[in-house]
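The sequence shown begins at 4 in our numbering and counts up one residue at a time. Idealized CB from N, CA, C, for every residue including glycine.
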Amino acid sequence: MMSKKFSRDPIKGMDDFFPSDMRVVDYITNILREISELYCYEEFDAPLLEPIEIYEAKSSTELVNEQSFIVEKKPGERLILRPEITPTLARMVAKKSQELKKPIRWYSIPKCYRYEQPQKGRRREFLQYNIDILGEDTLYAELEILNIVVDILTKFGATSDQFQIYFNNRRFIDAVCKIILEIPREKIQLVYTILDKADKMEESEFEQYLIDSFESEFIIRGIKKLRDADDLDDLIESFDDIPSEFYDSKGFQELKNLEKLINQANLSEFCSFSSGVVRGLDYYTGTVFEVFDTGEDNIRAIFGGGRYDDLLSLYSDEQMSGIGFGMGLLMLELFLRTYGLLPEEISVPDYSEVIYIANIDEKVAPYVFKISNMIRENDCACMIDYRFENLGNQLSKANDLGVSISLIIGPKEMEEKKVTIKNMISEEQKTVDKSNLISVIEIIFSELEEKKSPKIH
Ligand code: HAM
């Protein structure tokens, strides 16, 4: 009787990572790590499970109520597969804050979990690169983080025509709402919600939400201006009789100063103001930003972040501000693919520095193992063919893999303590003493390297 077969697919919204997928992940994470380390950020990680309360307190109700994967092993204990790592970062920093040198510069590439509707760029299990600086209150922290965004994307080969960082400041939105639009304090959260969701809404839906939430035509017009503005001065000019208190507000001052710093650092090509960007997580207090693919058919946020002043208060009385961002690796990959920025080479494994060992006879196996151990001890990778079939077949397999050097070992080589070495590129072949093998391999590799990148004399 035929036994029941289980599905070969992973569970909905989650992905298997085949070696071909891991090559893409490795290519991307190598660059992310390289840039993080150039800015002196250190890597951290933490458990996958956290108590749900920490996200209830300051992240977002959507994240907790609709998107959480919950583990309940004991009545009353609700653990959640982390939907993001920023509250965990705050916990770890709060725990060791006394001994950590400020500012704290950390990055991480955790797997995160959100029970979302799977769609392009959105999965239920995903890798998310995070980089944050804590304990640096000046806008230089913002500038460093924006610089990191630019360095990462340009390192992948992207240009300012392909992406833009849209920045804003929540304190500024607060000041506009309170001082200019005179929106009651308890209704300001509605402004954030609508601005965050605006680009996913039809105009009529947006309009209806505003009418249902606010009676005043002046407020409704003001919120529409916030959604649409892409120039700070024009936005301010569009309001009449602004009280001077507004110009003195921290939000307005921070935005103006950040614009100045962005100009001084020559980053203005990559950064634009956009008062519609507020971000969906509740803990952001100051600067917020989202990075967009600017492609015409493809305008969407790739990733985002911002400043949070009070996240440590979940765990201690200490006040320490941080700023950083989270980036889904899949979102980045889609962006890179859109512009052909993933190198062709990563589509196949690279065996060019591997030594392939072809054996003529099973009797030579012990000698082959000695040779292969010796090669690996010298930090060189090697692959043994265990088929002991005809040599032509073995060498053609080596050729298909793209190796540069094959070794041919038969009873005669074993008896004389020799190895036959074949340069697969030039097809030259010679038999050498086992004791000389490593140096001959090194010579062949360095000759091949020179041919690849000829020295200029
Ligand atoms: P977030 O906006 O919730 O922020 O997520 C940041 C990024 O993670 C998104 O823009 C997207 O690239 C990726 N992402 C989110 N959900 C998914 C999903 N279901 N599938 C694939 N990718 C996804 C945060 O998580 C903040 N903790 C970021 C942060 C760090 N802010 C300051 N420091």
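- Every unbroken stretch of the alpha helix (DSSP H) spanning 4 or more residues and falling wholly within the region 229–307 is given here in chain order: 235–240, 247–251 and 253–267.
- With a cutoff of 8 Å on beta-carbon distance, residue 290 and residue 265 are scored as not near each other.
- Counted as a single uninterrupted DSSP element, the alpha helix (DSSP H) harbouring residue 216 occupies residues 206–216.
- Assigned with DSSP and collapsed to three states, residue 164 falls in coil, not helix or strand.
- Rounded to the nearest whole angstrom, the CA to CA distance from residue 235 to residue 156 is 25 Å.
- For residue 442, the uninterrupted alpha helix (DSSP H) run begins and ends at 440–455, by DSSP.
- Secondary structure note for residue 414: its alpha helix (DSSP H) is the uninterrupted segment 414–419.
- A straight-line Cα-Cα distance of about 58 Å links residue 286 and residue 409.
- Residue 74 is positioned such that its CB atom lies no closer than 8 Å to that of residue 66.
- Bridge pairing for residue 327: 135 and 309 [DSSP].
- For the pair of segments examined, the region 329–338 was found to touch the region 125–132: the number of CB pairs separated by less than 8 Å reaches three.
- Setting aside the 5 residues that flank it on each side, residue 106 is surrounded in the same chain by 136, 137, 138, 139 and 144, each with a C-beta closer than 8 Å to its C-beta; the list follows chain order.
- Taken atom to atom, the span from the alpha-carbon of residue 209 to that of residue 52 is near 37 Å.
- For the set 16, 180, 447 and 62, the Cα lying nearest the Cα of residue 193 is the one of 180.
- Of the residues assessed, residue 9 falls on the exposed side of the cut-off, its CB having fewer than 16 other CB atoms within 10 angstroms.
- Burial check for residue 247: the Cβ neighbour count within 10 Å stays below 16, so the residue is exposed.
- Pairing residue 443 with residue 427 gives a Cβ-Cβ distance that is not under 8 Å.
- In this structure, the beta-carbon distance from residue 378 to residue 358 falls below 8 Å.
- DSSP places residue 423 within a strand segment (E or B) once states are collapsed to three.
- Of the residues assessed, residue 141 falls on the exposed side of the cut-off, its CB having fewer than 16 other CB atoms within 10 angstroms.
- Taken through DSSP and simplified to helix, strand or coil, residue 169 comes out as strand.
- Listed in chain order, the non-local C-beta contacts of residue 242 below 7 Å within the same chain comprise 183, local neighbours out to five positions each way being set aside.
- Between the ligand HAM and the CB of residue 405, the shortest heavy atom gap is not smaller than 7 Å.
- Counted as a single uninterrupted DSSP element, the beta strand (DSSP E) harbouring residue 386 occupies residues 385–387.
- Where residue 434 is concerned, there is no enclosing alpha helix (DSSP H), although the beta strand (DSSP E) around it starts and stops at 432–436.
- Annotated three-state conformation of residue 74 is strand, per DSSP.
- Ranked by how close their Cα comes to the Cα of residue 61, the residues 50, 91 and 34 have 91 in first place.
- Residue environment analysis places residue 257 among the buried positions, since at least 16 neighbouring C-beta atoms fall within 10 angstroms of its C-beta.
- The continuous alpha helix (DSSP H) containing residue 147 extends over residues 142–158.
- Under the Cβ criterion (8 Å, minimum of three pairs), the region 116–126 does not count as touching the region 29–40.
- As the crow flies, the alpha-carbon of residue 381 is around 24 Å from that of residue 430.
- Taking the CA atoms as reference points, residue 80 sits about 46 Å from residue 232.
- Around the beta-carbon of residue 436, fewer than 16 other beta-carbon atoms lie within 10 Å, marking it exposed.
- Between residue 295 and residue 166, the C-beta spacing is below 8 Å.
- When secondary structure is reduced to three states using DSSP, residue 13 falls in the coil class, being assigned neither helix nor strand.
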